[in-house]
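Numbering (numbering that gives the first Met the number 0), first residue to last: 0 to 126.
Ideal Cβ positions, reconstructed from N, Cα and C, are used throughout, including at glycine.
Only one structure is covered here, and it is reproduced in the block below.
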Amino acid sequence: MALPSSAVIKNKPIGTGLNSIRGQLVSVCVNEGLPCSVDSLQKLETEALQTLPASCVLQPVKSGSKNLFGDLSRLSTSVNSNEFDVEQLIPLLGAILKEEPDVVIWNKVYKAVTEPTPPPQSLSFLN
Numbered sequence: 000m001a002l003p004s005s006a007v008i009k010n011k012p013i014g015t016g017l018n019s020i021r022g023q024l025v026s027v028c029v030n031e032g033l034p035c036s037v038d039s040l041q042k043l044e045t046e047a048l049q050t051l052p053a054s055c056v057l058q059p060v061k062s063g064s065k066n067l068f069g070d071l072s073r074l075s076t077s078v079n080s081n082e083f084d085v086e087q088l089i090p091l092l093g094a095i096l097k098e099e100p101d102v103v104i105w106n107k108v109y110k111a112v113t114e115p116t117p118p119p120q121s122l123s124f125l126n
């Protein structure tokens, strides 16, 4: 029998697992001359956010996934193919930057992977 989500989160804490992502968020803010805050994350160019490991790993949710890892894998493909609005990751990146509790971060992970992906944009030269 599977453990309830709260038990899994408590028994498998994130700990220092997000320190490298947090460090890169701080680095991007510093390089852009912005204070390290959630408001600053919203001012960053999409391209700057796409350089973060988190934005290269997360994927949108598709039915039929075996687990969250599968959903995260699909999100990565969408981010890398420019079929995903990276700004949808701002709440998650903000929670990581502010060192929110694990349950808050995991809730934002689930929200990020369930956000709908807009359809691919048509190529202007085909119109």
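Assigned secondary structure, D84 (DSSP; H/G/I helix, E/B strand, else coil)
Here residue 84 refers to the residue found at position 85 when the sequence shown is read from its first residue. Coil at D84, not helix or strand.
Buried or exposed by the 16-neighbour rule on C-beta atoms within 10 Å, applied to Q87
Here residue 87 corresponds to residue number 88 of the sequence shown, with the count starting at 1. Classified as buried, Q87 has 16 or more neighbouring CB atoms from the shown chains inside 10 Å of its CB.
Counting pairs of Cβ atoms below 8 Å between the stretch 86-101 and the stretch 10-24, do you hit three or more?
The stretch 86-101 makes contact with the stretch 10-24, as at least three CB pairs between them are under 8 Å.
Please state if the CB of L40 and the CB of L96 are separated by a distance shorter than 8 Å.
Locating residue 96 in the sequence shown gives position 97, where the first residue counts as 1. Locating residue 40 in the sequence shown gives position 41, where the first residue counts as 1. It is a contact, given that the beta carbons lie within the stated cut-off.
Option nearest S36 by Cα separation, candidates E98, P12 and A111:
Residue 36 sits at position 37 when you count from the first residue of the sequence shown. Checked all of E98, P12 and A111; the closest Cα to S36 is E98.
So for S19, helix, strand or coil by DSSP?
On the sequence shown, position 20 is the one that residue 19 refers to. Here S19 sits in helix by DSSP.
If you drop the 5 nearest sequence neighbours on each side, which residues of the same chain put their C-beta closer than 8 Å to that of S5?
To locate residue 5, count along the sequence shown from 1; it is residue 6. Counting only Cβ-Cβ distances below 8 Å, and skipping sequence neighbours, we find V102.
Grouping DSSP H, G and I as helix and E and B as strand, with all else coil, what is I13?
The residue you call residue 13 lines up with position 14 of the sequence shown. DSSP places I13 in coil when its eight states are reduced to three.
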